[in-house]
Ligand SMILES: [Zn+2]
Ligand SMILES: [Zn+2]
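Residue numbers (our numbering): 3 to 376.
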């Protein structure tokens with residue numbers, strides 16, 4: 003999922019507080035002022051909206067391709083071609099992408115962008131909005147370090163632009179080779195990068211923090227796909243089942259209980275592994291698993307991805323009954339998907355999840371104290 007390396011923003015993004023300087027500055031915030039965007043920014047914003055609309059097909063590929071072309075073509079040439087109407091002579095630029103580039107160069111809001119901005123907005127019910135307003139961060143998201151489509155800086159710029167105070171960077175662990183999971187060495191490198199990006203963010207005067215983390219695989223025997231000393235270094239650990247989802251019920255229950263009871267695990271990710279309409283939920287004893295989540299202070303994730311929406315309603319009700327903690331997470335693999343939390347907020351509102359039991363309504367320091375104690 004996602005398109006590796008597409009959504010970069012330069013380090014200069016931190017030094018320029020205007021929303022248009024980030025990948026994801028919501029244009030709506032600008033309140034009718036004239037929007038100056040470079041072709042690169044306009045294309046990035048289109049890609050953001052396509053990701054938000056969960057559009058990964060032909061259109062998304064065309065805009066990603068156009069972005070590569072714009073980044074490798076001298077700006078003088080782009081301007082000349084826009085004036086002579088020969089942008090489409092460039093390999094990788096079609097009619098739609100050429101129009102966006104030409105609009106941006108002419109200082110107009112690209113018509114295509116305006117349309118996709120409006121069409122891709124994620125709806126939310128008034129009851130769900132109460133939950134969304136309470137959220138201060140996102141505890142589960144990916145970057146180009148594993149199978150995400152955007153670098154950490156771009157994810158952070160977007161998280162900031164949508165009002166978060168923090169995000170937890172949770173790329174996959176090594177066992178998930180298909181997702182380019184991180185081994186200890188690469189995780190250590192990522193921790194250095196997170197520290198550097200946090201320093202840049204602070205130097206630019208933003209009150210936003212990237213917390214370290216990982217979405218660590220729960221292996222077949224219930225052990226975790228990362229050494230204890232690395233797990234200890236992380237601020238927040240999400241543990242998820244990604245393999246052998248059809249395991250026999252009793253074994254799956256034991257496997258999940260092991261992970262839930264681990265002192266390193268803070269959040270149980272997408273507990274059933276279901277894919278709506280494609281893959282049934284895995285089977286486990288929800289009473290045991292959610293009782294353990296409550297006992298060991300492991301939050302049950304409400305995964306917001308539209309194809310997951312995990313746990314399903316009936317299991318969410320069981321988790322509420324056991325008095326579990328929850329975390330409403332986007333599991334974003336691209337900047338636009340960070341805007342999926344309304345889906346989980348609506349679900350939480352519908353089932354009556356107590357807002358005070360949702361860990362990402364806490365300020366970052368309180369969350370860190372909670373994970374340290376949990
Ligand atoms: Zn996962
Ligand atoms: Zn994930």
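Quick reminder that beta carbons are idealized off the backbone N, C-alpha and C, glycines included.
Use the C-beta contact count for residue 128: other C-beta atoms within 10 angstroms, 16 or more gives buried, fewer gives exposed. In the chain shown, counting from the first residue as 1, residue 128 sits at position 126. Result: exposed.
Integer Cβ distance of residue 122 from residue 54, believed to fall under 8 Å: Position 120 of the chain shown, counted from the first residue, corresponds to residue 122. Position 52 of the chain shown, counted from the first residue, corresponds to residue 54. Indeed they touch by this definition, with Cβ atoms about 5 Å apart.
Could you tell me whether the region 150-160 touches the region 333-343, using the rule of 3 or more Cβ pairs below 8 Å? yes
Taking 8 Å as the cut-off, does the region 207-226 touch the region 257-266 (at least 3 CB pairs, one atom from each stretch)? yes
Cβ neighbours of residue 359 in the same chain (closer than 8 Å, five flanking residues each side left out): Within the chain shown, residue 359 is the residue found at index 357, counting from 1. Cβ neighbours of residue 359 beyond the five flanking positions: 325, 326, 327 and 328.
Where does residue 245 land, buried or exposed, given buried means 16+ other C-beta within 10 angstroms? The count along the chain shown starts at 1 and reaches residue 245 at position 243. It counts as exposed.
With DSSP run on the structure shown, which of helix, strand or coil describes residue 254? Position 252 of the chain shown, counting from 1, holds the residue named residue 254. Three-state result, residue 254: helix.
Could you say if the region 313-325 and the region 132-139 meet the contact criterion of at least three C-beta pairs nearer than 8 Å? no
Under the rule that 16 or more other beta-carbon atoms within 10 Å means buried, what is residue 103, buried or exposed? What you label residue 103 is simply residue 101 of the chain shown in a count that begins at 1. Answer is buried; the Cβ neighbour count reaches 16.
Go ahead and label residue 201 buried or exposed: buried means 16 or more other beta carbons lie within 10 angstroms of its beta carbon, across all protein chains shown. For the purposes of this step, residue 201 is taken as residue 199 along the chain shown, with counting starting at 1. That one is exposed.
In the DSSP assignment, find the unbroken beta strand (DSSP E) run with residue 213 in it and report its ends. On the chain shown, residue 213 is found 211 positions in, with the first residue counted as 1. Note, residue 213: beta strand (DSSP E), 211-219.
Comparing alpha-carbon positions, which option in 291, 169, 74 and 252 lies nearest residue 209? As a first step, residue 209 must be located in the chain shown, where it is residue number 207. Ranking 291, 169, 74 and 252 by Cα distance to residue 209 puts 169 first.
Local conformation of residue 170 per DSSP, three classes: Walking along the chain shown from the start, residue 170 turns up at place 168. Note: residue 170 maps to strand in three-state DSSP.
Taking a contact to mean a Cβ-Cβ separation below 9 Å, would you say residue 217 touches residue 144 in this structure? Along the chain shown, one-based indexing puts residue 217 at 215. Along the chain shown, one-based indexing puts residue 144 at 142. Contact flag set, yes.
Does DSSP put residue 27 in a helix, a strand or coil? Mapped onto the chain shown, residue 27 falls at position 25. Residue placement at residue 27 is poorly supported in this model, since its pLDDT is 41, which falls under 50; the coordinates still yield a value, given next. Of the three classes helix, strand and coil, the one that applies to residue 27 here is coil, per DSSP.
Tell me which residues share the same chain as residue 294 and place their Cβ nearer than 7 Å to its Cβ, disregarding the 5 neighbours each side in the sequence. Working through the chain shown from its first residue, we reach residue 294 at position 292. Only 259, 262 and 263 meet the Cβ criterion.
Give the single residue among 38, 361 and 248 whose Cα lies nearest to the Cα of residue 142. Residue 142 sits at position 140 when you count from the first residue of the chain shown. It is 361.
Closer than 8 Å: is that where the CB of residue 242 sits relative to any heavy atom of ligand 2? Here residue 242 refers to the residue found at position 240 of the chain shown. True, at least one ligand heavy atom lies under 8 Å from that Cβ.
By alpha-carbon positions, which one of 309, 348, 267 and 52 ends up nearest to residue 302? The residue you call residue 302 lines up with position 300 of the chain shown. Measuring from the Cα of residue 302, the nearest candidate turns out to be 267.
Looking at C-alpha atoms only, which residue of 270, 284, 230 and 231 is the closest neighbour of residue 247? Here residue 247 refers to the residue found at position 245 when the chain shown is read from its first residue. Comparing Cα positions, the closest option is 284.
Within the continuous beta strand (DSSP E) that includes residue 330, where are the two ends? Looking up residue 330 in the chain shown gives position 328. It spans 328-331 - the beta strand (DSSP E) in which residue 330 sits, taken as one unbroken run.
Would you list the residues sitting across from residue 360 in a DSSP beta bridge? Numbered from 1 along the chain shown, position 358 holds the residue referred to as residue 360. 328, per the DSSP bridge assignment.
Counting along the chain, where does the alpha helix (DSSP H) carrying residue 155 start and finish? The residue given as residue 155 occupies position 153 in the chain shown. Per DSSP, residue 155 belongs to the alpha helix (DSSP H) from 154-163.
Would the region 69-77 and the region 42-58 be scored as touching if the rule is three or more Cβ pairs under 8 Å? yes
In whole angstroms, what is the alpha-carbon distance linking residue 357 and residue 351? Position 355 of the chain shown, counted from the start, is the residue given in the question as residue 357. Position 349 of the chain shown, counted from the start, is the residue given in the question as residue 351. The straight-line gap from Cα to Cα measures roughly 9 Å.
Any chance the CB of residue 223 is under 8 Å from a heavy atom of ligand 2? To locate residue 223, count along the chain shown from 1; it is residue 221. Flag unset: Cβ of residue 223 not near ligand 2.
Restricting to Cα atoms, I'd like to know which of 233, 298, 239 and 219 is closest to residue 275. The residue given as residue 275 occupies position 273 in the chain shown. Ranking the options by Cα distance to residue 275, first place goes to 219.
State the DSSP-derived secondary structure class of residue 368, mapped to helix, strand or coil. Your numbering for residue 368 matches position 366 in the chain shown. Looking at residue 368 - three-state DSSP - the assignment turns out to be helix.
What does the alpha-carbon distance come out to for the pair residue 99 and residue 56? Sequence index remark: in the chain shown, residue 99 carries index 97 (1-based). Sequence index remark: in the chain shown, residue 56 carries index 54 (1-based). So the alpha carbons of these two residues sit roughly 19 Å apart.
Whole angstroms are fine: how far does the CA of residue 342 sit from the CA of residue 108? Within the chain shown, numbered from 1, the residue matching residue 108 stands at position 106. Within the chain shown, numbered from 1, the residue matching residue 342 stands at position 340. Rounded to whole angstroms, residue 108 to residue 342 spans 32 Å at the Cα level.
Mark residue 313 as exposed unless 16 or more other C-beta atoms lie within 10 angstroms of its C-beta, in which case mark it buried. In the chain shown, counting from the first residue as 1, residue 313 sits at position 311. Classification for residue 313: buried.
Could you please give the first and the last residue of the uninterrupted alpha helix (DSSP H) stretch that includes residue 293? If you number the chain shown from 1, residue 293 lands on position 291. First-last of the alpha helix (DSSP H) with residue 293: 288-297.
So within the region 224-289, which uninterrupted beta strand (DSSP E) runs reach at least 3 residues, ignoring any that extend past its ends? 238-242
When you measure from the CB of residue 146 to every non-hydrogen atom of ligand 2, does any distance come out below 8 Å? Counted from its first residue, the chain shown places residue 146 at position 144. Residue 146 Cβ: outside cutoff for every heavy atom of ligand 2.
Unbroken beta strand (DSSP E) run spanning residue 303, endpoints: Translated into positions along the chain shown, residue 303 becomes position 301. Run containing residue 303: 301-305, per the beta strand (DSSP E) assignment.
Inter-residue spacing [alpha-carbon to alpha-carbon] between residue 296 and residue 370: Sequence index remark: in the chain shown, residue 296 carries index 294 (1-based). Sequence index remark: in the chain shown, residue 370 carries index 368 (1-based). Straight-line Cα distance between these residues: approximately 18 Å.
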